[in-house]
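Chains A and B are the protein sequences, given in the same order. In the working numbering, each residue's number is its place in the first sequence (first place is 1) plus 5. In the working numbering, each residue's number is its place in the second sequence (first place is 1) plus 258. Idealized CB from N, CA, C, for every residue including glycine. What follows is a single structure, written as structure tokens, with notes after it.
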Amino acid sequence: MARDPEDQRDDELHRRLALGDRDAFEQLYRRYAPAASGLAYRVTGQELLAQDVVHDSFLALWKAPEAFDPARGSFRSFFLSLVHHRAVDTVRREERLRRRSLRMNPGRIEDEDVTEDVVEEAWLLDRRARVVAALGCLPPEQREVLELAYFSGYTQARIAEVLGIPLGTVKTRTLAALRKLQGMLKDREG
Amino acid sequence: MTADHEEVQELLAAHAVWALEAEENRQAERLIASHVPDCQECREALKGFTAVSSELALAAGGRRPPRVIATRLRRQIKSSRQRRRAWALLSAAALLSLIALAGWSAHLSTRVNDADVRQARTGEFLATVSHPLSHVVPLSSTRSTSPGAALAQLAAAYVPGSGSLYLFGSLPAPRQDRVYQLWVLRDGRFQSAGTFRPERGQVLYRIKADVDRIQELLVTEEPVAGSSSPSAERVVTASL
Numbered sequence: 006m007a008r009d010p011e012d013q014r015d016d017e018l019h020r021r022l023a024l025g026d027r028d029a030f031e032q033l034y035r036r037y038a039p040a041a042s043g044l045a046y047r048v049t050g051q052e053l054l055a056q057d058v059v060h061d062s063f064l065a066l067w068k069a070p071e072a073f074d075p076a077r078g079s080f081r082s083f084f085l086s087l088v089h090h091r092a093v094d095t096v097r098r099e100e101r102l103r104r105r106s107l108r109m110n111p112g113r114i115e116d117e118d119v120t121e122d123v124v125e126e127a128w129l130l131d132r133r134a135r136v137v138a139a140l141g142c143l144p145p146e147q148r149e150v151l152e153l154a155y156f157s158g159y160t161q162a163r164i165a166e167v168l169g170i171p172l173g174t175v176k177t178r179t180l181a182a183l184r185k186l187q188g189m190l191k192d193r194e195g
Numbered sequence: 259m260t261a262d263h264e265e266v267q268e269l270l271a272a273h274a275v276w277a278l279e280a281e282e283n284r285q286a287e288r289l290i291a292s293h294v295p296d297c298q299e300c301r302e303a304l305k306g307f308t309a310v311s312s313e314l315a316l317a318a319g320g321r322r323p324p325r326v327i328a329t330r331l332r333r334q335i336k337s338s339r340q341r342r343r344a345w346a347l348l349s350a351a352a353l354l355s356l357i358a359l360a361g362w363s364a365h366l367s368t369r370v371n372d373a374d375v376r377q378a379r380t381g382e383f384l385a386t387v388s389h390p391l392s393h394v395v396p397l398s399s400t401r402s403t404s405p406g407a408a409l410a411q412l413a414a415a416y417v418p419g420s421g422s423l424y425l426f427g428s429l430p431a432p433r434q435d436r437v438y439q440l441w442v443l444r445d446g447r448f449q450s451a452g453t454f455r456p457e458r459g460q461v462l463y464r465i466k467a468d469v470d471r472i473q474e475l476l477v478t479e480e481p482v483a484g485s486s487s488p489s490a491e492r493v494v495t496a497s498l
């Protein structure tokens, strides 16, 4: 399947980054720092922790660009996963989970979506709109499990405990949610 | 789809959203390394879950990052570039004075016999780097848990066809009960070229080898007895 033009642009920037091109790094920073910051802040809930996550993720990219293999997916997917893992690991380490609200507000994503501070390219905003809409179409019980895992950094065992449901149910809801999202995003792109 | 596949994919989905406990996470990573490469269905599933998971990241909303992040990054990148450039610009003359100084300070502080050996070794080394056909190749740090990886400043020097190669530069002491081990890649296979410890943070280590057949050098941190194959604790590497 042909690679998305934005993915191709990322591939080219990454190729230059691997050669130590600082300008390519700056461009990747401008492309992904807002998304990385939004994600890190959403997961950690702490300004300073979020800053560290974003900083450490970009520095890791600079130091080891070879960690990204274009054959395994898009750069965007690789880098935002890196940020997410770091943010979740940070929040677990800091034991912030207990201090944060257990209730997710399904409207929060849309509320945060557009602010004057956001400086992002239009194509990324389009992708965001698509995924927010797809999330809104998930059955509430699946979305709740997915959001507790992804945005609150809960493990599945912890989600089962918090929601008072069997661990097996958490696993099946997560799998079903990802499959549904995958299908919806594919349809919207198609 | 078999029940086993469904279970595997439940695990892969949870791994994609990073929601597993440590042991389950290891189990998922074992599956990703063993089962997934040979199973097209699970391979496609994993790719899809990973892609969807990263799209979810966008749903968090964009946020202008504080200026301090870019400032810190630019400073760190500039200094790492300067280090890289410094290596590239090191001339044989600069290396001579650097190593002579290291050899001299070591000479003053060690026993006579050791010092004699060291001086002889240093002399041979100086002859190598000052040879008009000598090659000096810096070794690059790797991403590793070894503390040496971030601080290593090592290079290899050799004269093609001479049969000797020197590893030299600065390197912090390995962790307790560990040594560094040098590996050479020949015919696509890593072979041990011995273990060593830095002395006062300095390394001058010689191996006898047909350097023309060496494709790559690798330094790892290993248990004191050395290992039969390189561990994941890679410190520095260089392609020849």
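Between the beta-carbon of THR453 (chain B) and that of GLN439 (chain B) there is about 5 angstroms, and that keeps the pair under the 8 angstroms contact cut. The C-beta of THR478 (chain B) has 16 or more other C-beta atoms within 10 Å across all chains shown, which makes the residue buried. Sequence-distant partners of PHE307 (chain B) (beyond 5 residues in either direction) whose C-beta falls short of 7 angstroms from its own C-beta, in its chain, are LEU270, ALA271 and ALA274.
Bounds of any alpha helix (DSSP H) do not take in VAL437 (chain B); it lies within the beta strand (DSSP E) bounded by 436-444. For TYR416 (chain B), the enclosing beta strand (DSSP E) begins and ends at 411-416.
Between LEU397 (chain B) and ALA496 (chain B), the CB-CB gap stays under 8 angstroms.
GLU279 (chain B) sits in coil when the DSSP states are folded into three classes, being neither helix nor strand.
In this structure, the CA atom of LYS336 (chain B) is about 17 angstroms from the CA atom of LEU33 (chain A). Contacts with chain A at 8 angstroms (Cβ-Cβ) include ARG330 (chain B).
The bridge partners DSSP lists for GLN449 (chain B) are B:VAL442.
Inter-residue distance for LEU289 (chain B) and CYS297 (chain B) is about 10 angstroms (C-alpha atoms, whole angstroms). Residues of the region 289-309 of chain B with a Cβ closer than 9 angstroms to any Cβ of chain A, in chain order: ALA303, LYS305, GLY306, PHE307, THR308 and ALA309. At a cut-off of 8 angstroms between beta carbons, PRO145 (chain A) makes no contact with chain B.
Contact between PHE426 (chain B) and ALA408 (chain B) is ruled out by a C-beta separation of about 19 angstroms, above the 8 angstroms threshold. In summary, CYS300 (chain B) is buried, with 16 or more beta-carbon neighbours lying within 10 Å of its beta-carbon over all protein chains present.
Taking 8 angstroms as the cut-off between beta carbons, the residues of the region 152-164 of chain A near chain B are ALA154, TYR155, PHE156, GLY158, TYR159, THR160, GLN161, ALA162 and ILE164, in sequence order. With the criterion set as a beta carbon lying under 7 angstroms from some beta carbon of chain B, the members of the region 31-64 of chain A are TYR34, ALA38, PRO39, ALA40, SER42, GLY43, LEU44, TYR46, ARG47, GLN56, VAL59, HIS60, PHE63 and LEU64, in sequence order.
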